[in-house]
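Q: Numbering (the numbering used here), first residue to last: 303 to 912.
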């Protein structure tokens, strides 16, 4: 499309030039023709010819522009990139050299070796030989630099292996072999110095060790005069500090005190494992650890389990006593748990104790503790089963519960609890038996006969004084005794009443007096006796009172009063007699008053005189 546009522009430019040509006449303007007249045939011919020229020139310039554009594009187009992944022996040498350089540019060992291998077979007659040699030398130097880096890092074998990969035909082959010889020579010298240095450290000969470190600075390799120099200086400082720490720890442990031993072990444990003193420190730790475990055993015997755990935790992991220390911790924690003395705690304690190996120094102690806890566990199981059986609150359940509780070893911590429960359940059994006895007694008493009441009293009396139902039993017994008394005294009272009905009051009273004052019918008997006494007294005193009344009726008040005075105060008619006496005294007084006034008749005076 652009070519066509460019051709169109060219065509337009040329036609404008052609418009000035003498061979082409100007076209008359549109208003050249008169109104109503069209162009002539000659004019039409000229116009059609002009348009034909325009078309031809447009096509020409369009083709010309397209050709020029295509040529420029072809000249400026880059060749396709070389694919080094598909390079082979059949590829062009220039491409092979290009790919070799591209591989070497990565700086990686394998890529550099591959680059050398790619061009090493070219002869001097090869057009690119000298360029390849120049680049080969650069690649070989890069390989030797990699080898030197390995030497600086202390990797002699790796450095030698890298340098030996240069082929014999390589321009740096001789230099590589010389470097290998130099490296190996210095390496042997450095190892010799290092070995002597290590011997000096083992003997704590700090001065000789320092001198040997100084000899490393005389070596050319950076690995020895810098890296290993710094490392050996650090080793010397570490060894000195380790020795000082061990001496300080040993001085602490000399006292044999628990706290000092713990500090000594902790201090010795901080000694660097890379030091030669570490082995001696571990031997000392082992000795101090044994002393610590003796303290732990003493605390365990005193049941101070927290202290045992605290002491055992001081034993280092990397000593042979560590497993024994763990067993002390396990056994102490199990003992702490077992001290709670409940089912779950004892089960947990036995599970922890089972973790202690039979080969452990604590195996026997753990076995003894486990046996004790098993006994306690069985005691708990007996008690729990006994409680379960007693929970039914039946006579058989209580008896079975007591049977289970008696199985507990008297030396068990649960023995006291078991005895307490046995006593409690025995009381429950006694209460059940007492309830049965009281119920039986009540059933007998409900009959109401003398024999059944006495039988009820006998049954209820079997309930002991210390039993909870004893008060109820005593209350019932008292009630039944009263009923028995009533039945017994009722017969006496009825007999007395029969005698009284026969007017044999003396015998009736004598019979009723057989009922003592502590008896239930005593008030009734006394009431009956009082009635009978009253009847007797009335029968005895009524004639006296009648005689007195007769005298009073005759006006013989003094005689009447004297007669009535024979009735003593304790007699039934005493009050009546006293009332009559008072009446008669009043009448007597009234008569006396009348006589003194002279109003009494002679008859009355005679009566008064009499």
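C-beta atoms are modelled at their ideal positions from N, C-alpha and C, and glycine is treated no differently.
What does the Cβ neighbour count give for residue 877, buried or exposed, with the cut at 16 atoms within 10 Å?
A: By the 10 Å Cβ count, residue 877 comes out exposed.
Q: Of all the options 517, 648, 640 and 663, which has the alpha carbon lying nearest to the alpha carbon of residue 596?
A: Per the Cα distances, 663.
Q: Would you mind working out which of 710, 804, 762 and 755 sits nearest residue 788, comparing C-alpha positions?
A: The residue with the shortest Cα to Cα distance from residue 788 is 755.
Q: For residue 863, which three-state DSSP category applies?
A: Residue 863 falls in the helix class under three-state DSSP.
Q: Can you tell me which of the three DSSP states residue 694 falls into?
A: Coil.
Q: Please classify residue 465: does DSSP put it in a helix, a strand, or coil?
A: Residue 465: helix per DSSP, three-state reduction.
Q: Short of 7 Å in beta carbon distance, which residues of its chain neighbour residue 610, apart from the five on each side in sequence? Order them along the chain.
A: The answer, listed in chain order, is 598, 601, 602, 630 and 634.
Q: Pick out the complete alpha helix (DSSP H) segments inside the segment 710-749, 4 residues or longer, and give them in chain order.
A: Segments of the alpha helix (DSSP H) lying fully in the segment 710-749: 717-747.
Q: On the three-pair Cβ rule with 8 Å, is the segment 824-834 touching the segment 795-814?
A: In short, these stretches touch, since the Cβ pair count reaches three.
Q: Please determine, among 636, 854, 773 and 712, the residue with the shortest C-alpha to C-alpha distance to residue 658.
A: Measuring from the Cα of residue 658, the nearest candidate turns out to be 636.
Q: Whose C-alpha, out of 574, 567 and 578, is nearest the C-alpha of residue 586?
A: When only C-alpha atoms are compared, the closest one is 567.
Q: Excluding the 5 residues preceding and the 5 following residue 592 in the sequence, name in chain order all residues of the same chain whose CB lies nearer than 8 Å to its CB.
A: Once the five neighbours on either side are set aside, the close Cβ partners of residue 592 are 623.
Q: Please list, in chain order, all residues of the same chain as residue 899 whose beta carbon is under 7 Å from its beta carbon, the five residues on each side excluded.
A: Once the five neighbours on either side are set aside, residue 899 has no close Cβ partner at all.
Q: Quick one: using the 10 Å Cβ neighbour count with 16 as the cut-off for buried, is residue 865 buried or exposed?
A: Per the 10 Å Cβ criterion, buried.
Q: Let's see if you can read the secondary structure: which residues bound the alpha helix (DSSP H) around residue 914?
A: What the structure shows of the chain is the stretch from 303 to 912, and residue 914 is not part of that stretch, so it cannot be assessed.
Q: Helix, strand or coil, according to DSSP, for residue 578 in the structure here?
A: Coil at residue 578, not helix or strand.
Q: Are there three or more Cβ pairs, one per stretch, closer than 8 Å when the segment 500-508 is compared with the segment 462-482?
A: With the cut-off at 8 Å, the segment 500-508 and the segment 462-482 do not touch.
Q: Check each candidate in 731, 693, 792 and 553 and name the one with the smallest Cα separation from residue 583.
A: Nearest C-alpha to residue 583: 553.
Q: What is the rounded straight-line gap between the Cα of residue 734 and the Cα of residue 689?
A: So the alpha carbons of these two residues sit roughly 17 Å apart.
Q: Is residue 894 helix, strand or coil by DSSP?
A: Reduced to three states, the DSSP call for residue 894 is helix.
Q: Thinking residue 827 and residue 795 are a contact (beta carbons under 8 Å), I'd like their distance in whole angstroms, please.
A: Going by Cβ atoms, the distance from residue 827 to residue 795 rounds to 6 Å, so yes, they are a contact pair.
Q: Over the uninterrupted alpha helix (DSSP H) stretch that includes residue 848, give me the two end residues.
A: Here the alpha helix (DSSP H) through residue 848 covers 824-855.
Q: Just the C-alpha distance for residue 579 and residue 639, rounded to the nearest angstrom, thanks.
A: Looking at the two C-alpha atoms, the distance is approximately 42 Å.
Q: Compute the beta-carbon to beta-carbon distance between residue 737 and residue 771, rounded to the nearest angstrom, for a pair I have assumed lies under 8 Å.
A: Contact holds; Cβ gap of about 6 Å.
Q: For residue 644, count neighbouring C-beta atoms within 10 Å of its own C-beta (all shown protein chains included) and say buried if the count is 16 or more, exposed if not.
A: By the 10 Å Cβ count, residue 644 comes out exposed.
Q: So the candidates are 454, 484, 486 and 448; which of them puts its Cα closest to the Cα of residue 468?
A: Ranking the options by Cα distance to residue 468, first place goes to 448.
Q: Select from 872, 858 and 880 the residue whose C-alpha is nearest the C-alpha of residue 835.
A: Minimum Cα distance to residue 835 is reached at 872.
Q: From 711, 863, 874 and 868, pick the residue whose C-alpha is nearest to that of residue 837; which is it?
A: Residue 874 is the option with its Cα nearest to residue 837.
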